[in-house]
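I have placed the structure first, in the form of structure tokens, so that the comments after it can refer back to it.
There are 2 protein chains.
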Amino acid sequence: MPQLAAARLAARVGRMTASRRAVAAAVARQRGHFTAEALAAALPNVGRATVYRTLKILTEAGVLCRVLMDDGSLHYRLSGPGHHHHLVCVGCGAIQDFADSVVERVVSQLARAGSFTVEGHWLEVYGRCAGCSTAPSAAR
Amino acid sequence: MPQLAAARLAARVGRMTASRRAVAAAVARQRGHFTAEALAAALPNVGRATVYRTLKILTEAGVLCRVLMDDGSLHYRLSGPGHHHHLVCVGCGAIQDFADSVVERVVSQLARAGSFTVEGHWLEVYGRCAGCSTAPSAAR
DNA sequence: GTCTCAATTGAGATATAGTCTCGATAGTCA
DNA sequence: TGACTATCGAGACTATATCTCAATTGAGAC
Ligand SMILES: [Zn+2]
Ligand SMILES: [Zn+2]
Ligand SMILES: [Zn+2]
Ligand SMILES: [Zn+2]
Numbered sequence: 024m025p026q027l028a029a030a031r032l033a034a035r036v037g038r039m040t041a042s043r044r045a046v047a048a049a050v051a052r053q054r055g056h057f058t059a060e061a062l063a064a065a066l067p068n069v070g071r072a073t074v075y076r077t078l079k080i081l082t083e084a085g086v087l088c089r090v091l092m093d094d095g096s097l098h099y100r101l102s103g104p105g106h107h108h109h110l111v112c113v114g115c116g117a118i119q120d121f122a123d124s125v126v127e128r129v130v131s132q133l134a135r136a137g138s139f140t141v142e143g144h145w146l147e148v149y150g151r152c153a154g155c156s157t158a159p160s161a162a163r
Numbered sequence: 024m025p026q027l028a029a030a031r032l033a034a035r036v037g038r039m040t041a042s043r044r045a046v047a048a049a050v051a052r053q054r055g056h057f058t059a060e061a062l063a064a065a066l067p068n069v070g071r072a073t074v075y076r077t078l079k080i081l082t083e084a085g086v087l088c089r090v091l092m093d094d095g096s097l098h099y100r101l102s103g104p105g106h107h108h109h110l111v112c113v114g115c116g117a118i119q120d121f122a123d124s125v126v127e128r129v130v131s132q133l134a135r136a137g138s139f140t141v142e143g144h145w146l147e148v149y150g151r152c153a154g155c156s157t158a159p160s161a162a163r
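Quick note, the sequences are listed as chains D and R, same order. If you're matching positions, the first sequence starts at 24 in our numbering and goes up one per residue. If you're matching positions, the second sequence starts at 24 in our numbering and goes up one per residue.
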């Protein structure tokens with residue numbers, strides 16, 4: 024998986040610098056999702072600005088996707104292929120991807136009804152995973 | 024319309040203070056959407072913190088809704104009744120509301136398929152309104 | 001191998017958005 | 001008319017992200 028991220032990165036990125044390698048490696052090492060700040064803190068030898076810049080590149084390259092959490096904070100996560108959205112568990116923070124053409128189609132149709140041309144959209148779904156739906160509000 | 028906002032506000036809010044009246048009035052005076060900072064700037068006699076606090080109250084009361092713009096900034100807008108989402112024109116900034124049970128249903132079903140209980144969601148749709156779809160990228 | 005030069009870096013400044021603190025103020029109700 | 005407490009507001013503080021610009025360094029040329 025580290026190799027995969029690195030490979031995809033190389034395919035898109037300009038110069039393969041030490042900093043970019045370090046960020047890519049740290050990203051690949053993450054389990055679950057993480058914030059830009061946390062990643063920057065974990066990479067004291069890489070400038071904060073560079074971490075942010077590299078996360079942007081990785082996101083545009085499709086290696087990462089961004090998740091808007093329940094509390095408004097922005098997290099990153101290794102991205103599955105293609106367009107998708109997230110089911111975010113507000114109990115434990117677990118994230119499941121889902122891709123669905125129905126949502127896309129409905130949105131387009133609704134938009135068309137309002138003489139509106141869709142260029143993009145943002146959808147996040149919050150709730151509780153199987154493990155967290157029994158015991159209310161576990162982790163915090 | 025000012026009266027409406029003020030009335031709804033009064034129905035929910037604790038003390039009807041001068042500051043809250045001022046914020047409610049300014050909100051009612053807005054055409055389209057606006058940011059918290061812009062509103063605060065337009066109310067030099069009301070503390071910034073109070074503007075934010077009052078916007079929160081108004082949002083919880085259903086007077087306002089929050090719109091996540093294309094560029095990540097958060098705007099406020101007088102809210103229509105009930106749950107709904109927005110079609111945001113990236114050309115001119117116009118916003119149309121839409122309420123749709125199909126989206127809701129699809130999301131619930133998808134979630135259920137993943138043993139996930141939906142508690143809430145966030146959806147914004149970006150694109151171009153009728154006026155802006157002809158001439159590409161008008162206003163900025 | 002090493003030279004060259006633009007792409008990239010990173011320390012720190014700056015920007016933006018929002019919350020918190022806490023003494024002062026002022027609604028509300030008896 | 002108080003008294004009591006919610007609320008206010010000035011400004012500090014936090015969080016997040018971008019910008020500036022001199023110094024560094026990949027990567028291809030030779
Ligand atoms: Zn969970
Ligand atoms: Zn989608
Ligand atoms: Zn438009
Ligand atoms: Zn909805």
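Think of the CB as a built atom: it goes at the ideal place given N, C-alpha and C, for glycine as much as any other residue. Since we're looking at a predicted model, the values are computed, not measured.
Any non-hydrogen atom of ligand 4 closer than 7 Å to R:HIS144 Cβ: Within the cutoff, so yes.
Any non-hydrogen atom of ligand 4 within 7 Å of R:VAL126 CB: yes
Local conformation of R:THR58 per DSSP, three classes: Shown here, R:THR58 sits in coil according to DSSP, grouped into three states, outside any helix or strand.
Per-residue DSSP class, three states only, for D:GLY143: strand
Nearest candidate by alpha-carbon position, reference R:ARG129, set D:ALA136, D:CYS115 and D:HIS108: The sequence shown places Val at residue 129 of chain R, not Arg. The shortest Cα separation from R:VAL129 among D:ALA136, D:CYS115 and D:HIS108 belongs to D:HIS108.
C-beta neighbour in chain D for R:ALA161, strict 8 Å: Because the pLDDT at R:ALA161 is just 41, under 50, the model does not fix this residue reliably, and the point stays unresolved.
Min CB distance R:GLU147 to chain D below 8 Å: yes
Distance between D:GLY55 and D:VAL74 (C-alpha atoms, nearest Å): 18 Å
R:GLY4 at chain D interface by Cβ criterion, 8 Å: Absent from the model: residue 4 of chain R. The displayed extent of chain R is 24 to 163, so no value can be given.
D:MET39 versus D:GLY70: straight-line alpha-carbon distance, rounded: 16 Å
Top-ranked residue by Cα proximity to D:VAL98, from D:GLU142, D:THR58 and D:GLN132: The amino acid occupying residue 98 of chain D in the given sequence is His; Val does not appear at that position. Comparing Cα-Cα distances from D:HIS98 to each of D:GLU142, D:THR58 and D:GLN132, the minimum goes to D:THR58.
Identity of the residue in D:ARG89, D:HIS106 and D:TYR149 nearest D:GLY116 by Cα: D:TYR149
Strand pairing of D:HIS109, partner residues [DSSP]: D:ASP120 and D:GLU147
Cutoff 6 Å; reference D:ALA134; Cβ partners in own chain excluding five residues on either side: Result list for D:ALA134: VAL141, in chain order.
Where D:LEU133 sits in the DSSP three-state scheme: helix
Local conformation of D:ARG38 per DSSP, three classes: coil
D:SER160, DSSP secondary structure in three states: Residue confidence is low: D:SER160 scores 46 on pLDDT, short of 50, so the model does not pin down where it sits. No coordinate-derived value is stated.
For D:LEU146 and R:LEU146, believed in contact at Cβ under 8 Å, the rounded distance: 5 Å
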